[in-house]
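Here the sequence shown stands for residues 1 to 137, numbered as in my numbering. To start, the structure under review is shown below, and the notes come after it.
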Amino acid sequence: MASNGGSLRLITVSNLAFDTMTAVSFDTDYDTINNPQYRYALAALEDSNVRLSVLLQEPKFVMFNLDRWLFPSSIVGRDRFVKFIRMLLKQRLHAKARVSTIGADIFSFLEKCKDPDTGKELTAMELSTETALFVVA
C-alpha cells in the first residue's frame with residue numbers, strides 16, 4: 001500500500017515539474033496535476049528515453065534500424081513527443097502573435113538569440129530543437 005502512495009506522489013511531482021517548466025519556459029500552464037489532457041507528453045518522453053539511454057551506451061543498434069525493432073514503444077513515444085513539441089511551439093508562436101507583451105519567459109529570450117557566426121535569428125528547426133531541449137531538461 002505504501003508503494004502505491006509513493007508512486008502517486010512521484011507522478012504528482014513529475015506533473016508539478018512539467019507544469020512549472022512549461023510556465024517558466026513558455027508562459028503556458030498545462031495543469032497536468034488536475035487535467036490529464038497533456039500527461040501523455042511525460043509518458044511519451046519516458047518511453048523515448050528508454051531507447052536513447054541504450055543508444056548512448058551502444059550506438060551500433062542504429063545500424064540496420066535495429067533500434068526500431070528492439071524498441072518499438074520508444075519509437076512511438078519519440079513520435080508522440082515530437083508532435084507535442086511541435087504543438088507547444090505552434091501555440092507559443094501563436095500566443096506571441098496575439099499578445100505583444102509576452103517576454104518574461106525563457107522562450108522569449110531564445111527567440112531573440114542570434115547565431116554567433118551568421119548573426120541570423122534561429123530557424124524554425126533550431127527553435128524546435130531548443131524547445132525540445134527545454135522540455136527534456
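Yeah, the Cβ is synthetic: ideal placement off N, Cα and C, and Gly gets one too.
What's the gap between the Cα of F64 and the Cα of N15?
-> Rounded to whole angstroms, F64 to N15 spans 36 Å at the Cα level.
Round the Cβ separation of F84 and V50 to the nearest angstrom and send it over; I've been treating them as touching at under 8 Å. Actually they do not touch by this definition, with Cβ atoms about 17 Å apart.
Is K114 helix, strand or coil when you go by DSSP? In the structure shown, K114 adopts extended strand secondary structure according to DSSP, grouped into three states.
When you compare only the Cα positions, how much space is there between D115 and A104?
One C-alpha to the other measures close to 22 Å.
- request: Using three-state DSSP, classify E180 as helix, strand or coil.
  value: Past the edges of the chain, shown from 1 to 137, lies residue 180, and the structure says nothing about it.
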